[in-house]
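For the sequence shown, counting from 1, position 346 maps to 340 in the working numbering; every step adds exactly one.
C-beta atoms are modelled at their ideal positions from N, C-alpha and C, and glycine is treated no differently.
Bear in mind that the values here come from a model prediction, so they are computed numbers and not experimental data.
For reference, the structure is listed below as C-alpha cells.
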Amino acid sequence: DDAAKLQASGDLWAAVHSTMARSARDTWLGGGLHLSFELVCRAGERLAFYVWLPRPIAQTMVRQLRAAHPGLDVQALRQDSDPASGLDDYLNQVSPSAAWAWLDLGLAREPWRPLRRDFKVDPLPSLLSALEGLSAGNELAAIHFIVRPATGRWAQGATTFIKKQRGDNTPKGQPRPILGSEDRALLKTIEEKSRGKGYDLCLRLAVAGQGDVEGNAERLARTFDLFEADNAFTVRSRGTQEELYRVQGRYLPAGWRPSVVSIAELGVMAHLPNKAVTGIGLDRARAKMLAPSPASFVAPGEQRVVLGRYAEVPAFAPGLTPLPYPWAGLRRRLNLSDPVGTDSQPDPAAETEPQVGIKLQDGRRHFHVIGPTGVGKSTMLLRMIWQYLAHFPETSVWLQEPHQDLTHKVIRRIPLWREKDVIWLDVMDPERVIGINPLEFRPGADLGAVVANVMGVMRKAMGANWDQAVQMQEILENALLAVISGQSEATMVHLFKLLTDPDYRYDLTYNLDDPIGQPYWQALEQKKDRELDAMFSVPRRRINAFLRNSVVRRIVAQPRSTVNFRQALDTGKVILVQLDGRMGAGNRTFVGAMMMYKLFGAVMSRMDIPEAERRQAAICVDEFQTFVGQSGQEFADILEQARKMGASLTLAHQHLGQLGDLTNSVANNTGTKVVFRAEAADAPKFLKWLPELSAVEDLTTLANFRCYVRPMVNGSPQPVCTLHTYADPPIPDPAEELRTARRGEPDPLPTHPGGDALHQVERLRQMASDEARKQWLKSLPEADWVGYLAARRYHDAVRRNQLIEQPEQIPDKLDRVRALVRLGYGTPHYETEALVDTILGY
C-alpha cells in the first residue's frame, strides 16, 4: 500500500545517507558527494526514472535500490550495451534548436521548518501527471532532486523556536502559551526533523522544446505547492541558456543557502512507483531478473563462449563520473584524503560484470536461439562467431543466413592471418561462384541415400505442393538414380537433359545395371510420346524452374564441387553461406537446403576418425527452418549424431510457428536455450521450457538485447537466468591491421601445368568479353578441358598466394576476402555456362 511504500522509500534514503555522508569539513573542502534522482518525460516516450551518481558509490547505490525494490531493472546509460562505452545522457539528445527553461527551487523559510508529509494517498502520481501533461511542443520535461547529506548548523534555530513556542523560558508565575493540537503536532515534527538526518536539496525543474517552455516550467513548479505546510518551495533562481551546463552537470548552485529536507520528506517526494500507479505511461521493468547459478558464470581466466552478462548491478564505464569539486586542488595541497575527484582510480574488480558462457564441450549439446527481428538475435550470433575466431582458432565455423548483413559483419572482424581460411558462398557474386554438385558422391556411397538427399532438398523448396505430386516424385526419384548410376560426373543439368531429350534418356537407361530401374524405364518407353511428354511435364517444369535461374544453374551445374566440406571442417575453415532474396524464395530455399545436406553429410562422415580427433565445428544457422528438409525425427537423429561427430549447432529463428514438426526435435535436442522477446502465442510453451518464469508477460515484454537463458554446463541444464547481450564486437582499423597484424602463410601450389597451358589461360583472360571466353571454351575438345582446368587453377593459386602475402594490394577487407575466395574456390561464370551448353548440346 501507499504507506508501506513511503516507509520503504524513507528507509532507502536513510541507507543512502549513510553511504554518502561526509563531515562538514570534508564537504567544504570538496570531498562531499551529491546525487540526482530524476523523473523524466521525453516526447513520444514513456516516463522514466534516472539516478545520476558519483562513480565511487554507484555500485553500492544500485544494490541499495534493488534491495528496496525487488525486480527493479537498472541500466547504466551507455552509447551502446558495451560496459566499456561512455555516458549517453538523455539531456544531450535534445535537438540543438530547442529552447530551454529551468528553475532551481529551495525552501522558502528556515531549513528546519517542515514540509507536508502526512499524505494518505501517494503524491507521486500528481508529479508524474504534471510532467506528462505539459503543453505540446515539449521535447523534454524533467524533475531533478539534487541532494547531498546536510552538514553544518542547519537545525540551529529549531531548538530556540520550540522553546519559545512552548514557553520553556517563561518566568515563574507568568502564564505559559496554550498550544492546540496542530501547534503541538508542528513542534513535534520540527523536533523530529531537526534531530534527524537530512539532505540539502536543490529541486531543479527543466523543460526543453519548441513550445512555451517558460510557462511549462512555472506550471511544473506550482505542482510542488501540494507539499506546502510550515515550509514551502520557492523559486530561488532561473537559469539561462548559457548556463545549461549546470543542468547537464547536475551542479549544486554555488553559495546555495541550506534547503534541508528530512529523510521522510524526501521519501514522500522522490521514490519509485508501485504497480498501483495506473493511467500514466511509465517505462516499467520488462524482464524478470533471474540470477545465474554459480556454475554458469565464467571464472577468471576461463575460456567459454560468452552469451551475455548478468547485470543485476551494472558495471559503470569510465565516463560515468568523477566529480570535479572546486576544492579538490586545495585538498591535495593539504595532503588530505583523496576526494571523489578527477584523479580517483576506480577499482578494476568493480568494473567487471559477471558473464555467463558455455564451454566448447557443452556447446556440442547445441543452442536454440529464438526471438523476432530487431531484439539482438543476430548480434548474439555475431558475438559467438567472433569468439570462436578470436579465442578458439582451432574451431571450424559454418554460418548460413538468408541475408547478407551478418556475413559482412563477420568478414570485417576476421583476423588478417585467417582471411585465407574463409570460404564465402556469395550466390550473387557477379564474376565467380563456388560450385556445389548435389549429385556428387564419394566412392562406395549408398546411391539411394544420395537420391533421398536431393529429393529432400526439392521437397523443402516445393513446400506444400510436394505431397500432392506423387507421380512427379516417382519420376524424379528414378531419374536421379538413373543419372547418378549411368552418367559420369552427373549434374542437375544431366537430370534436366534426361527429362527433355528422348535419345539421351534412352541411351542412359537402356543398359542400367538396376533390376528395378531398368524395367521402369523400359515400361515408360512403351508409352506414346504425347502421354510420356505429359508425365514428364511436371518434373521437367520443376527442374527447369531451378536451372532457369542463372544463380542456381551456375552453382549446381559444375561436375565437381569446388569445396571439400569434410576437409574444410577438419582443417578449421570459416564457411560463410550468404543467400539472397533476389534469387527468389524458392531458389534460395533450394540452395540453402542443399548446403545443409552437404554440411550434415560432411559431419556424419567424420565417424571414420576417433572421437578425440574430431575438431570442433561451430555451425550457426539463422532462420534454419528455411533450409532443413528433414522430417522432425530425422532432424532429431541428426542433432544427436552431430554431437558425437564434434559439431555444435546454433539454430536461430523468430517464432515456434515456423518449425512445424521440427518443434519437439529442436526442444528436446538442444541443450542451451536462449529466448528473446516472445510472441504471445509462443509464451505458454516457453513457460514449460523455462520453469523459473511464471507469467506470459515475463516473455512478451522483454526489452531488446535482453534474453532468458537456460545454459548447459558440464552436461547438466542450469536454472534459467536473465542476461544482457553485448553490442557488436569492435572492427579492427583496416590500415593499422595491414601495417601491424600477422599475415597468413601461402598455400602449397598445385602441380605446374606447363608454360603453354598458362599462356592459354592468360590469352583467355585477355579476351574482350565473357561471351567470347564461353565460345572459346565450348570449342575445346573434351580431352583438353582437363589441361585447361589445371592451368586455370594453378594460375589462380599463384595470384591467391600473392594476395595472402601482400594483402595491401586490396585495402578493403570485404573485397580482399572476396578475391581470395574467388581465386581459391570460385568458377568463372563463363566457364560454367560453357559446361551447361556442352552438356545440353547447344
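{"Check": "Whole runs of the alpha helix (DSSP H) within the segment 750 to 799, excluding any shorter than 4 residues", "Outcome": "764 to 772, 776 to 799"}
{"Check": "Residue burial classification, E395 (beta-carbon count within 10 angstroms, cutoff 16)", "Outcome": "buried"}
{"Check": "Beta strand (DSSP E) segment containing P822, residue limits", "Outcome": "820 to 822"}
{"Check": "Beta-carbon gap between V622 and M590 smaller than 8 Å", "Outcome": "yes"}
{"Check": "Bounding residues of the beta strand (DSSP E) (the contiguous stretch that carries H265)", "Outcome": "It is not in any beta strand (DSSP E) - H265 carries neither H nor E in the DSSP assignment."}
{"Check": "Beta-carbon proximity of L284 to L199, cut-off 8 Å", "Outcome": "no"}
{"Check": "Option in S120, W46, E237, Q58 with minimal Cα separation from A93", "Outcome": "E237"}
{"Check": "Short Cβ contact (8 Å threshold) for I364 with M706", "Outcome": "no"}
{"Check": "CB-CB length for L33 against L101, believed under 8 Å", "Outcome": "Between L101 and L33 the Cβ distance is about 20 Å, and since that is not below 8 Å, they are no contact."}
{"Check": "Those runs of the alpha helix (DSSP H) which lie wholly inside the segment 570 to 602 and span at least 4 residues", "Outcome": "579 to 598"}
{"Check": "C-alpha gap between I184 and E347, whole angstroms", "Outcome": "45 Å"}
{"Check": "DSSP three-state assignment for Q69, whether helix, strand or coil", "Outcome": "coil"}
{"Check": "Segment contact, 8 Å Cβ cut-off, at least three pairs: the segment 355 to 363 with the segment 640 to 649", "Outcome": "yes"}
{"Check": "Beta-carbon proximity list for H488, same chain, < 6 Å, skipping 5 on both sides", "Outcome": "V477, Q481"}
{"Check": "Unbroken beta strand (DSSP E) run spanning A42, endpoints", "Outcome": "42 to 46"}
{"Check": "V201 vs A215 beta-carbon contact at 8 Å", "Outcome": "no"}
{"Check": "Backbone CA spacing between P286 and A42 [nearest angstrom]", "Outcome": "27 Å"}
{"Check": "Assigned exposure category for H649 - 16 Cβ within 10 Å defines buried", "Outcome": "exposed"}
{"Check": "First and last residue of the uninterrupted beta strand (DSSP E) at K667", "Outcome": "666 to 669"}
{"Check": "Same chain, Cβ closer than 7 Å to F594, five either side skipped, listed in chain order", "Outcome": "I632"}
{"Check": "Alpha-carbon to alpha-carbon, T485 and P432", "Outcome": "7 Å"}
{"Check": "Among N581, Q552, D523, nearest to R536 - alpha-carbon criterion", "Outcome": "N581"}
{"Check": "D162 versus L181, R147, S175, T832, residue with shortest Cα-Cα distance", "Outcome": "L181"}
{"Check": "Within 8 Å, strictly: CB atoms of T841 and Y824", "Outcome": "Since the first residue of the chain shown is -5 and the last is 836, residue 841 is not available in this structure."}
{"Check": "Backbone secondary structure at R4 - three-state DSSP", "Outcome": "Position check: residue 4 holds Gly in this sequence, whereas Arg was assumed. G4: helix per DSSP, three-state reduction."}
{"Check": "Residue of Q572, L541, N543, Q465 minimising C-alpha distance to F530", "Outcome": "Q465"}
{"Check": "Residue span of the alpha helix (DSSP H) that contains P105, given as start and end", "Outcome": "It is not in any alpha helix (DSSP H) - P105 carries neither H nor E in the DSSP assignment."}
{"Check": "Cutoff 6 Å; reference A(-2); Cβ partners in own chain excluding five residues on either side", "Outcome": "none"}
{"Check": "Enclosing beta strand (DSSP E) for A202 [first to last residue]", "Outcome": "192 to 203"}
{"Check": "CA nearest to the CA of S91, picked from N459, H63, L134, L109", "Outcome": "L134"}
{"Check": "Member of D806, W96, A455 whose CA lies at the smallest distance from the CA of V839", "Outcome": "The displayed coordinates of the chain run from -5 to 836. Any statement about residue 839 would go beyond what the structure contains."}
{"Check": "Alpha-carbon spacing of R757 relative to L570, whole angstroms", "Outcome": "33 Å"}
{"Check": "Proximity below 8 Å, CB of L125 to CB of I137", "Outcome": "yes"}
{"Check": "Exposure of T272, with buried meaning 16 or more beta-carbon neighbours within 10 Å", "Outcome": "exposed"}
{"Check": "Three-state secondary structure assigned by DSSP to N225", "Outcome": "coil"}
{"Check": "Proximal residues to D790 (C-beta, below 6 Å), its chain only, five neighbours per side dropped", "Outcome": "L817"}
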